[in-house]
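Asks:
Set out below in structure tokens:
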């Protein structure tokens, strides 16, 4: 339970009482629960999509749905996406890119990355048939949290001095990655046998390609690149629904 609460505390804005889930052992063991937290965020997003989809046109309903699951995570992964974009498109060497990621200021490439990803999410959700919007909204956070676990399994940590992601790397989560993919596949199949599995497969391919790109750039993962992987993976189920539905 402490490890689940650690995952809930880290990945969402849900208040967790006291010091529950704050210890490094709890954080290290919390990785296995990331997909389940993704399911909870997905249920929240699906509920928002269903409610607003009934009372509003699809475009504003899509905007509110995206706002809902961004708010649920406190914008944590968008911050990582912006830092990663600023670093990777800086044309600097590895050490300088790692320093850029630590800078609290956001640069133009970071702004472009955030706006692009949010626009893609909204546009994709607004383009699927109304009956598929809540299903896509559910799968997006599940794919994103699965991406976190898979990326940690395939990439070493890039900062020898440690950083935000260090506690999660105390136990390389290879078994957790398999479990995360099972959760994603089952959730995708339950949402839609027509396009759900295609969404899951496409999301994992994109995550692995991004992991390879990250390794080439900085030799491993950081907390920021993990956030970027999450945000990129979240886009895929909605795009898959656009293609297959």
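In this note's numbering, the protein residues as written are 1 to 245.
Built from N, CA and C at the ideal position, the CB exists for glycine as well.
Below 9 Å between beta carbons: does that hold for residue 139 and residue 181?
Replies: no
Asks: Check whether the Cβ atoms of residue 232 and residue 8 sit closer than 9 Å, and answer yes or no.
Replies: no
Asks: DSSP on residue 221, reduced to helix/strand/coil?
Replies: strand
Asks: Is the CB-CB distance between residue 46 and residue 189 below 9 Å?
Replies: no
Asks: If you draw a straight line from the C-alpha of residue 91 to the C-alpha of residue 97, how long is it?
Replies: Rounded to whole angstroms, residue 91 and residue 97 show a C-alpha spacing of 8 Å.
Asks: Quick check on this structure: which residue in 64, 187, 241, 154 has the alpha carbon closest to the alpha carbon of residue 213?
Replies: 154
Asks: I need the straight-line Cα distance from residue 194 to residue 2, nearest angstrom please.
Replies: 37 Å
Asks: Near residue 94, which residues of its chain fall below 6 Å by C-beta distance, leaving aside the five closest residues on each side in sequence?
Replies: 218
Asks: Measuring CA to CA, which of 141, 79, 10 is closest to residue 29?
Replies: 10
Asks: With distances taken Cα to Cα, identify the nearest neighbour of residue 202 among 54, 244, 49, 129.
Replies: The option with the nearest alpha carbon to residue 202 is 244.
Asks: Rounded C-beta distance between residue 226 and residue 148? I'm assuming under 8 Å.
Replies: 5 Å
Asks: Taking residue 228 as the reference, which of 105, 59, 113, 50 has the closest Cα?
Replies: 113
Asks: Below 8 Å on the Cβ atoms is my guess for residue 126 versus residue 62; work out the distance and round it to an integer in Å.
Replies: 4 Å
Asks: Here's the rule I'm using: 16 or more other beta-carbon atoms within 10 Å means buried, otherwise exposed. How should residue 34 be labelled?
Replies: In the assembly as shown, residue 34 is a buried residue. Its beta-carbon has 16 or more other beta-carbons within 10 Å.
Asks: Where in the stretch 81-150 do unbroken runs of the alpha helix (DSSP H), each at least 4 residues long, occur, reported from the N-terminal end onward?
Replies: 94-102, 108-127
Asks: Quick test of your reading: residue 241 and residue 187, contact by CB under 8 Å. State the CB separation rounded to the nearest angstrom.
Replies: In fact, because the Cβ distance is near 14 Å, the residues do not count as touching under 8 Å.
Asks: Any idea which residues DSSP pairs residue 157 with across the strands?
Replies: 221
Asks: May I ask you to report which of helix, strand or coil DSSP gives residue 191?
Replies: helix
Asks: Within this structure, are the beta carbons of residue 142 and residue 197 separated by less than 9 Å?
Replies: no
Asks: Ignore the nearest five residues each way along the sequence and tell me which others in residue 137's own chain have a CB closer than 6 Å to its CB.
Replies: Once the five neighbours on either side are set aside, the close Cβ partners of residue 137 are 45, 46, 49, 65.
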